[in-house]
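According to my numbering, the stretch in the sequence shown is residues 198 to 631, in order. Beta carbons are placed, not taken as given, at the ideal position from N, Cα and C, and that holds for glycine.
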Amino acid sequence: MSKVEKELFVSNLTGSSIEDTTTLLFVGLGLYMLWSIMSVRKIIPSGFLGWLVQFFIFAIIPLLVSVNRVFPSVVLVILLFIPSIVLLLMRDDSPKHARNIQEKHHKPDTWDKRMSISPCFHANWAKVETWGTSLMDLGVGSFMFSSGMVAGRKNSMTEKGAFRSVLRNALVMFVLGFIRLVTTKGLEYQEHVTEYGVHWNFFFTLGSLAIGVYLLRLFLLRWSYFWLATLATVVHHVFLTWTPLQQWALTAPRTNLLAQNKEGIVSIPGYVALFLYGMETGKILLQDRPAIYTKAHAWARTQKLVIRLVAVLVFYQLSKKMSVGISRRLANMPYVQWVVGTNMLFLCFYTLWDGYIFPPKATYQTRVASLLRQLNDNGLFVFLLGNLFTGAVNMTVDTLRCGLVKGLAIMTLYLFVICYIVRMLSVHNIRIRF
Numbered sequence: 198m199s200k201v202e203k204e205l206f207v208s209n210l211t212g213s214s215i216e217d218t219t220t221l222l223f224v225g226l227g228l229y230m231l232w233s234i235m236s237v238r239k240i241i242p243s244g245f246l247g248w249l250v251q252f253f254i255f256a257i258i259p260l261l262v263s264v265n266r267v268f269p270s271v272v273l274v275i276l277l278f279i280p281s282i283v284l285l286l287m288r289d290d291s292p293k294h295a296r297n298i299q300e301k302h303h304k305p306d307t308w309d310k311r312m313s314i315s316p317c318f319h320a321n322w323a324k325v326e327t328w329g330t331s332l333m334d335l336g337v338g339s340f341m342f343s344s345g346m347v348a349g350r351k352n353s354m355t356e357k358g359a360f361r362s363v364l365r366n367a368l369v370m371f372v373l374g375f376i377r378l379v380t381t382k383g384l385e386y387q388e389h390v391t392e393y394g395v396h397w398n399f400f401f402t403l404g405s406l407a408i409g410v411y412l413l414r415l416f417l418l419r420w421s422y423f424w425l426a427t428l429a430t431v432v433h434h435v436f437l438t439w440t441p442l443q444q445w446a447l448t449a450p451r452t453n454l455l456a457q458n459k460e461g462i463v464s465i466p467g468y469v470a471l472f473l474y475g476m477e478t479g480k481i482l483l484q485d486r487p488a489i490y491t492k493a494h495a496w497a498r499t500q501k502l503v504i505r506l507v508a509v510l511v512f513y514q515l516s517k518k519m520s521v522g523i524s525r526r527l528a529n530m531p532y533v534q535w536v537v538g539t540n541m542l543f544l545c546f547y548t549l550w551d552g553y554i555f556p557p558k559a560t561y562q563t564r565v566a567s568l569l570r571q572l573n574d575n576g577l578f579v580f581l582l583g584n585l586f587t588g589a590v591n592m593t594v595d596t597l598r599c600g601l602v603k604g605l606a607i608m609t610l611y612l613f614v615i616c617y618i619v620r621m622l623s624v625h626n627i628r629i630r631f
């Protein structure tokens, strides 16, 4: 299978509807509900067997859903919610379940970091060419948003050595980006040029993001993360729609270094906004979390998030009327507001369920499956590992002509190896940082 053939396969894709993508996210919510109620009811076994159960819930079921072409996604969501509701309605005769649960789990995780890019992926979920939405388009933005959530737990902008730390992190990302550039060019790996550009890649965006966020926070220190994000995306939107910038980014010939990487450069403000919106959300949900976390605490934090969500939805509707549509390629305002609104909406659901289902004295660590915590503890390493394995599969397997059974076998092995590696890292208390 030629490089050109693979590049054509991922070109000019139109994605799927927002409704289809949102329905798939309800699958994730249903899986978390199922795991949490099984955990509270002490149905999940301990040890390696319990880890395998988690692997089936959080990796295999989403995999099967992603390649499903028979049942409507809504039916699958209903089928996932039924066992959770049944278990919830069952009487629990064990008054000591709260204490037992606290002893079984470890550190927290975020819901949207559970899977890497699959090597044999349904085309409907792959990134669109220019205008439209898909699961992977949402995933790229959600990666930025969730990274901001983690950073939003504390404000380190005024701490000594903050700028040095930002430069160090940016340098690491630029080095990783350069390594990826050299390897993809050297191995003649297939590239989708309109995604970021001829030389640009996601790591260069991450490096630029760190500097951009720092500068905004430095000069506008008194602004909240929310309004900084809104400022960034509004200014970006104005330049895209009221100047020739958008036309240049989409149609200009790649005659120089700047034009060759126009998509990656033009989209930076949008990703900065996503990160800042994530910081605002992290500040609401993760800062000053009390040891005894009641339903009232969950409801209070959800209310704060809902206020931001309503504002985001208003911005989304306004920006849609003033632009052609949603574009991950440009990271324009409709794209940013769509990603942020979707993440905030589902985080409201997760927060309310978390506050309702777990006892108040259950530690924050007990509320997350160990598999998800292990993936999150080494998030960037998992991302790199997933990229390497995806590349290895694409170079050794004819994925375009891969049958369903073979494809499922490859993806199951792919997910198991990654999850098992991070499990071993966790067992030995190893956290890889860049």
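Simplified DSSP state of residue i, which is helix, strand or coil
i      : result
Thr330 : strand
Ser213 : strand
Ala323 : coil
Asp551 : helix
Thr560 : coil
Leu417 : coil
Cys545 : helix
Pro466 : helix
Tyr611 : helix
His394 : Before going on, a small fix: residue 394 reads as Gly here, not His. Coil, per DSSP.
Tyr229 : helix
Asp595 : coil
Tyr386 : coil
Ile523 : coil
Val207 : coil
Met287 : coil
Arg505 : helix
Ser243 : coil
His433 : helix
Ile257 : helix
Nearest to residue i (by Cα), restricted to the options the options
i      : options                        : result
Met287 : Ile257, Val271, Val237, Gln251 : Val237
Asn453 : Ser263, Gly404, His396         : His396
Val624 : Arg570, Leu581, Thr596         : Arg570
Gly459 : Val511, Gly467, Gly394, Ile523 : Here residue 459 turns out to be Lys, not Gly, going by the sequence shown. Measuring from the Cα of Lys459, the nearest candidate turns out to be Gly394.
Thr211 : Thr402, Leu246, Arg526, Val533 : Arg526
Leu222 : Leu260, Pro557, Pro487         : Leu260
Leu205 : Gly225, Ala359, His389, Gly374 : His389
Ala233 : Lys200, Leu284, Leu249         : According to the sequence displayed, residue 233 carries Ser and not Ala. Minimum Cα distance to Ser233 is reached at Leu284.
Val503 : Ile618, Asn575, Thr548         : Thr548
Thr402 : Val363, Ile462, Ala348, Arg620 : Ile462
Gly404 : Gly383, Val379, Val369         : Val369
Ile629 : Cys545, Ala497, Gly576         : Gly576
Ser567 : Leu544, Leu622, Ile554         : Leu622
Per-residue burial, residue i [other beta carbons within 10 Å of its own, 16 or more giving buried]
i      : result
Glu392 : buried
His650 : Outside the displayed range of the chain (198 to 631) lies residue 650, so it cannot be described from this structure.
Leu455 : exposed
Pro441 : exposed
Asn209 : exposed
Pro334 : Reading off the sequence, residue 334 comes out as Asp, not Pro. So Asp334 counts as buried.
Arg505 : buried
Leu413 : buried
Pro466 : buried
Ala497 : exposed
Phe340 : buried
Contact check, residue i vs residue j, beta carbons under 9 Å
i      : j      : result
Arg633 : Asn398 : As shown, the chain starts at 198 and ends at 631. That puts residue 633 outside it, with no answer to give.
Ala367 : Ala426 : no
Arg615 : Val579 : It should be pointed out that residue 615 corresponds to Ile in this sequence rather than to Arg. Cβ distance < 9 Å, so Ile615 and Val579 count as in contact.
Thr218 : Thr539 : yes
Ala480 : Arg350 : The amino acid at residue 480 is misidentified as Ala; the sequence shows Lys. Yes, they are a contact pair.
Tyr386 : Asn573 : no
Ser520 : Thr438 : yes
Ile254 : Leu228 : yes
Met530 : Val602 : no
Pro557 : Ile489 : yes
Ala359 : Leu612 : no
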